Amino acid sequence: MNLPRNLIERRWAGALLAAILAAAPLAAQEAAPPAPAPAERGDATPAEGKKDAERDDERVRFEVELADGRAVIRAEDFRYQPGDYMIATAGVEVRYKDLVLTADRARLDIPTQLITAEGNVVLDEGPRRLSGDTLEYHLESRTGRLTNATAYVQPDYYFSGVELAKTGPEDYAVTDGVFTSCSGDSPPWSIALSSAKVTLEDYARIKNARMRFKNVPVLYVPYILWPTKTERSSGFLIPKPGFSSRRGAYLGVAYYQTLGRSADLTLLGDAYSESYFGGGMELRWRPSETSRGLFQGYFITEPDEIDPADVPPVRIDPNFMQGDDRWKLRFFHQQDKIFKHFRAVIDFVDYSDFNFQGDYERDVSRSAQSFVYSNAYLTANVGNQSFNILVDRRERVRRGGRDVRHQLPEIEYRLRPTRLGSTPIYFSLLSSLNYFQVQLDEDEFDYGRADLLPFFSIPLSTIPWLSAKLDVGGRVTFYSDSLNDRRSEFSGESLTRTFGSATLEVVGPAFSRIFNKGLGRFAKIKHVIEPRFDFNFVSDFDDQLFVPVFDEVDNFLSRQDVVFSFNHRLIAKPAADEEDDPSAGGAFEIASFSLAQGYSFDDDRPLQFGRRDRDRKSQASPIFASLRLNPSQRTSLKLDAAYNTLFGRFESASLSGRLALGKHNELGAAWFTRFNAETGAEQRNQAQLFGSFALLPERLFLDGAFRFDLRLEETLEQILRLRYNGSCYGLQLEWRESNFANVDQSDVRFLLTLKHVGTFLDFTSSTGSF
3 MNLPRNLIER RWAGALLAAI LAAAPLAAQE AAPPAPAPAE RGDATPAEGK KDAERDDERV
63 RFEVELADGR AVIRAEDFRY QPGDYMIATA GVEVRYKDLV LTADRARLDI PTQLITAEGN
123 VVLDEGPRRL SGDTLEYHLE SRTGRLTNAT AYVQPDYYFS GVELAKTGPE DYAVTDGVFT
183 SCSGDSPPWS IALSSAKVTL EDYARIKNAR MRFKNVPVLY VPYILWPTKT ERSSGFLIPK
243 PGFSSRRGAY LGVAYYQTLG RSADLTLLGD AYSESYFGGG MELRWRPSET SRGLFQGYFI
303 TEPDEIDPAD VPPVRIDPNF MQGDDRWKLR FFHQQDKIFK HFRAVIDFVD YSDFNFQGDY
363 ERDVSRSAQS FVYSNAYLTA NVGNQSFNIL VDRRERVRRG GRDVRHQLPE IEYRLRPTRL
423 GSTPIYFSLL SSLNYFQVQL DEDEFDYGRA DLLPFFSIPL STIPWLSAKL DVGGRVTFYS
483 DSLNDRRSEF SGESLTRTFG SATLEVVGPA FSRIFNKGLG RFAKIKHVIE PRFDFNFVSD
543 FDDQLFVPVF DEVDNFLSRQ DVVFSFNHRL IAKPAADEED DPSAGGAFEI ASFSLAQGYS
603 FDDDRPLQFG RRDRDRKSQA SPIFASLRLN PSQRTSLKLD AAYNTLFGRF ESASLSGRLA
663 LGKHNELGAA WFTRFNAETG AEQRNQAQLF GSFALLPERL FLDGAFRFDL RLEETLEQIL
723 RLRYNGSCYG LQLEWRESNF ANVDQSDVRF LLTLKHVGTF LDFTSSTGSF
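First residue of the sequence shown: 3, per this note's numbering; consecutive thereafter.
Take a look at the structure:
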C-alpha cells in the first residue's frame with residue numbers, strides 16, 4: 003500500500019536539479035495563463051448532452067466510416083467529397099470513440115484520418131481537455147498540435163503555450179508556455195517556461211523556468227525535473243536553506259526513492275558554512291494495514307575547535323568532547339492483530355551524547371528531554387483481561403554521572419472489574435513479574451520483583467439517590483534483593499512487603515431540582531447537590547526504607563483518613579431549536595463547584611505540618627475548592643485553589659480557560675502559583691496565553707502562544723505564526739523565542755506550500771541555538 007510523504011507534506015514534490023540563481027526582473031513577453039478545467043467552464047461540451055438535447059439539436063448529423071470506427075459529426079453546414087474529405091462549419095461537433103471535438107470550422111481528411119480545426123477549438127479526451135485557436139490532429143495515432151493552446155490534465159494541472167503538441171498517448175510538448183496548478187485566468191502562482199516535455203505518470207522536463215507570483219518573477223531555474231505521477235515518485239526533493247548563528251549558513255538536500263508500493267527511502271545531506279557536515283537516511287515500510295515501521299539514522303561531523311563564544315552555556319553530558327562524531331538512531335516497528343488479539347511494538351532510540359537532542363532536534367518536546375527512552379512490548383486484550391510483556395531502557399544524565407535503568411522484562415496480567423457469578427461483588431487483579439537492571443556510573447545492580455494486587459468491589463446501596471461502594475484488597479510484593487540501612491547499595495537479602503487496603507465511597511443523599519424557565523440558549527436546567535464521603539485505609543509496613551524504588555509500584559504510604567466534599571452541579575438541556583445542531587449536543591454539565599477537606603486518624607501522619615516548627619501540625623488537610631464552567635463545547639473556565647488552615651494562607655491556585663469568539667477565533671489562558679504556606683514565600687508563578695484569530699475569514703490567520711515566569715519576571719517562550727491559505731498555495735511565517743535553562747534561542751521560519759506540490763520553500767534562521 004502507498005506511504006504518505008511526511009518530510010515534504012506531499013508524496014511527489016518536484017526536484018530542482020540545477021543551482022538556484024538569483025531572481026531578476028524578466029521583460030520577456032509571457033504566454034497567457036491556462037484555461038480552466040472542463041468542470042469549471044461555463045459552456046458544457048457536447049459530451050455532456052443527453053438524448054433529449056439531441057432531439058432538439060437542429061444541426062445536421064453526419065456519419066463517416068473510418069478504418070477503426072465511425073465518426074459522428076454535427077454542424078450547421080457541410081461540404082462532403084465521398085472517400086476524400088468532409089468540411090463542416092458553424093457549431094461543429096465531432097465524436098470519435100472517447101474523443102469529442104468542438105470548433106467553428108473543421109476539415110476531416112478521410113484517407114489519412116487527419117482532422118484540422120480552427121476557431122474556439124476544444125478537444126476532450128476523457129478527463130483531459132485541450133483548447134486553442136487551431137488544431138491538427140491524427141485520429142488514428144491520437145497525436146497532433148494546437149496553437150495558442152491551453153491544456154487541463156488531472157489532478158489540476160494547467161498548461162498553456164504558443165504551441166502545444168501531443169506527441170504520444172501520454173506525451174506532450176509545450177513551447178513558450180505557462181504551468182500552474184491554479185485555476186482561473188490570473189493564477190496566483192505559475193511557472194513560465196521556454197519549452198517543456200511532459201510525460202504523464204512520469205516527469206515534466208522544463209527549461210528556463212521562471213517562478214512567478216501573479217506577474218512578478220521571483221525565481222529563475224535553468225532546468226526542472228518535475229514529477230507528474232499521481233503515485234509516489236523517486237527524485238531529489240526541494241533543497242532547504244537556513245541559517246544558524248553558531249553553525250552558519252545551511253543547505254539541506256534530500257533524495258527520495260520509492261521501494262515498491264509499500265516502502266520508501268530518503269537520503270539526507272546537510273552542509274553548514276562553519277565546517278559542519280551531516281548525512282542520514284529514513285527508511286519506511288508499510289506492507290499491510292496492520293504493519294508499519296521506520297528506521298532513521300543521522301551522522302554529523304563537527305570541527306575540533308570552535309569559537310568559545312559559540313559554545314552552548316549548558317552541556318548536560320559531561321563526557322562530550324568538541325570534535326566528537328555525533329549521531330542519532332531510531333528504529334520503530336508496529337504489528338497489529340497477531341493471532342487476532344496481540345499487538346507488538348518496538349521503539350528504539352539512541353544518541354551519541356545527551357547534548358545531541360538540544361543541539362539538533364527541532365522538536366521542542368525532544369530537544370528539552372533529559373532522558374532517552376526505548377521499549378519493546380507485546381500486548382493483548384481479550385474481554386476483561388489484558389496481558390503485557392515489556393522490555394525497556396531509560397537513560398538519563400544526573401549530576402556527576404549516568405543513570406541507566408532496564409526492565410528485562412516486565413510481564414503483567416490485568417483483570418478488569420469482573421462480576422463474580424450472580425453476586426453483586428466485582429473482582430479485579432493486577433499482577434506483574436519484573437527483572438530490573440540498574441547502572442549507576444560504574445556500579446551495576448540487578449534484582450527481581452513479583453507483585454500481586456487483588457481487589458473486591460462491593461456495592462452497599464441500591465437506593466437511586468444514594469451510592470455506596472466498598473473496595474477491599476491488599477498488595478503483596480516480593481523483592482529478590484533489598485537496600486542496606488543507608489540506602490546506598492544492595493544488601494543481598496530478599497524482602498517481602500505485604501499490606502492491606504480498603505476504601506469506602508459514599509455519594510449522597512443527592513438532592514436535585516429542575517428549572518423549566520431556562521437560561522439563555524438552554525430550555526431546562528437541573529441543579530444537583532451531592533455530598534460525598536471517602537474513607538481510605540492502608541495498613542502499615544515498617545521496612546519501606548529497604549525497598550528499592552524503580553516505579554510507582556514501589557511507592558508506599560500508610561493512611562487512615564477521610565475526605566468530605568460538598569458538590570454542586572448544573573446540568574442544562576439546549577433549546578429545541580438547537581437540538582438539531584450537532585455542535586450543541588444533548589444535555590451536559592455547564593457548571594460545577596466543590597469544597598473538600600480531609601482528616602487523618604493517624605497521629606503520626608498529620609495532613610498539615612510545619613517544616614521549621616515541627617511541633618505545629620494539624621490532622622485536618624487544607625481546604626480544596628474547585629469551580630468548573632462549561633457553557634459551550636468551545637468555551638470553558640477552570641479554577642482550583644488550596645487553602646492551608648494551619649497557617650491561614652493559600653498554598654496554591656490555578657486558573658485556566660478557553661473562549662470561542664465566533665467560528666474561527668479562540669483565546670485561552672492558564673495561570674498557576676504555589677506558596678510556602680508556613681512562610682508565605684512564593685515558590686512558583688507561571689502564566690500562559692494562547693490564541694488563534696482569523697484576520698480574513700478562511701484566509702489569513704494569526705496564532706500566538708506566550709509563556710511567562712511571573713516570579714522571576716521572565717518570558718520563557720513566545721510564538722507568533724501568521725498563516726495565509728490561498729486558493730492553490732499557502733504561506734506561513736513563524737517567529738519563536740525561548741529561554742530554557744538560561745539559554746536564549748530565537749527562530750524565524752518561512753514556508754511556502756503549493757497545491758499538488760507540497761512544501762516548495764522551507765527557510766529557517768536561528769540565533770542562539772547550536
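Idealized CB from N, CA, C, for every residue including glycine.
Source: prediction; values computed, not measured.
Going by alpha carbons, who is nearest to R571 out of V564, G522, Q546, I527? Distance from the Cα of R571 is smallest, within the candidate group V564, G522, Q546, I527, for I527.
Regarding T420 and the ligand FAD, is the C-beta to nearest heavy atom distance less than 6 Å? In the structure shown, the ligand FAD is absent, as is every other ligand, since no ligand is present at all.
Determine the DSSP secondary structure at D606, reduced to helix, strand or coil. coil
List the whole-angstrom C-beta distance separating L472 from L455, where the pair is believed to meet the contact cut-off of C-beta under 8 Å. With 8 Å as the limit, L472 and L455 do not qualify as a contact, their Cβ atoms being about 17 Å apart.
Best match in A251, H529, G682 for proximity to N518 [C-alpha to C-alpha]: Of A251, H529, G682, the smallest CA-CA separation from N518 is found for H529.
Cβ contact (3+ pairs, closer than 8 Å) linking the region 661 to 675 and the region 643 to 650: no
Exposed or buried, G280, counting other C-beta atoms within 10 Å across all chains shown (16 or more means buried)? buried
Quick check on DSSP: helix, strand or coil for Y257? strand
Anticipated Cβ contact below 8 Å, N678 with L712, distance rounded: With a Cβ gap of about 16 Å, N678 and L712 do not count as contacting.
Pairwise C-alpha distance: A167 and A211: 19 Å
Which of helix, strand or coil does DSSP assign to L648? coil
Check each candidate in S634, S541, V180 and name the one with the smallest Cα separation from I573. Measuring from the Cα of I573, the nearest candidate turns out to be S634.
Here's a check: name, in chain order, each residue in its chain whose Cβ is nearer than 6 Å to the Cβ of G706, leaving out the five neighbours to either side. G693, L722
Burial state of F752 (16 or more Cβ within 10 Å): exposed
Beta-carbon spacing of R709, L718 below 7 Å: Yes; because the gap between Cβ atoms is below 7 Å, this pair is in contact.
Beta carbon of G510 nearer than 7 Å to that of S469: yes
What separation, rounded to the nearest whole angstrom, lies between the Cα atoms of S768 and F566? 54 Å
Using C-beta distances below 6 Å, list every residue in its chain close to V549, excluding the 5 sequence neighbours before and after it, in chain order. D556
Have a look at R286 and T260 and give me their C-alpha separation to the nearest angstrom. 10 Å
Three-state secondary structure assigned by DSSP to F334: strand
Could you check which residue in G128, P129, A119, E127 has the C-alpha nearest to that of T136? The shortest CA-to-CA distance from T136 to any of G128, P129, A119, E127 is the one to A119.
Where does A69 land, buried or exposed, given buried means 16+ other C-beta within 10 angstroms? exposed
Helix, strand or coil: which one does DSSP assign to F548? helix
Considering D443, what are the terminal residues of the beta strand (DSSP E) in which it resides? Segment: none, D443 is in no beta strand (DSSP E) and carries neither H nor E.
Enumerated in chain order, which unbroken segments of the beta strand (DSSP E) with a length of 3 residues or greater are wholly contained in the region 490 to 532? 497 to 509, 513 to 517
How many Å lie between E2 and N357 at the Cα? A question about residue 2 goes unanswered here, because the residues of the chain that appear run from 3 up to 772.
Report, in whole angstroms, the separation of the C-beta atoms of A672 and Q690, which I expect to be a contact under 8 Å. About 4 Å separates the two Cβ atoms, so the contact holds.
Relative to the C-alpha of G71, which residue among K99, P426, P533, I117 is closest? The shortest CA-to-CA distance from G71 to any of K99, P426, P533, I117 is the one to K99.
Might you give, ordered along the chain, the residues of its own chain that have their beta carbon closer than 6 Å to the beta carbon of R398, omitting 5 neighbours on each side? S372, F373, D405
Let me check one thing: in DSSP terms, what residues is A696 bridge-paired to? F703
Comparing C-alpha positions only, which one of N569, T182, P243 sits nearest to M213? T182
Among the residues of its own chain, which have a CB less than 6 Å from the CB of A26, if the five just before and after it don't count? Summary for A26: the model assigns pLDDT 32, below 50, so the residue's position carries little reliability, and this model does not support an answer.
Pull the bridge partners of N741 from the DSSP assignment, please. The partner list for N741 (beta bridge, DSSP) reads D746.
Considering V124, what are the terminal residues of the beta strand (DSSP E) in which it resides? From DSSP, the beta strand (DSSP E) with V124 extends over 116 to 127.
Given A644, which residues of its chain have a CB within under 6 Å of its CB, disregarding the five upstream and five downstream residues? P624, F626, E653, S654
Can you give me the Cβ contacts of L697 inside the same chain, cut-off strictly under 8 Å, excluding the 5 residues immediately before and after it? F703, L704
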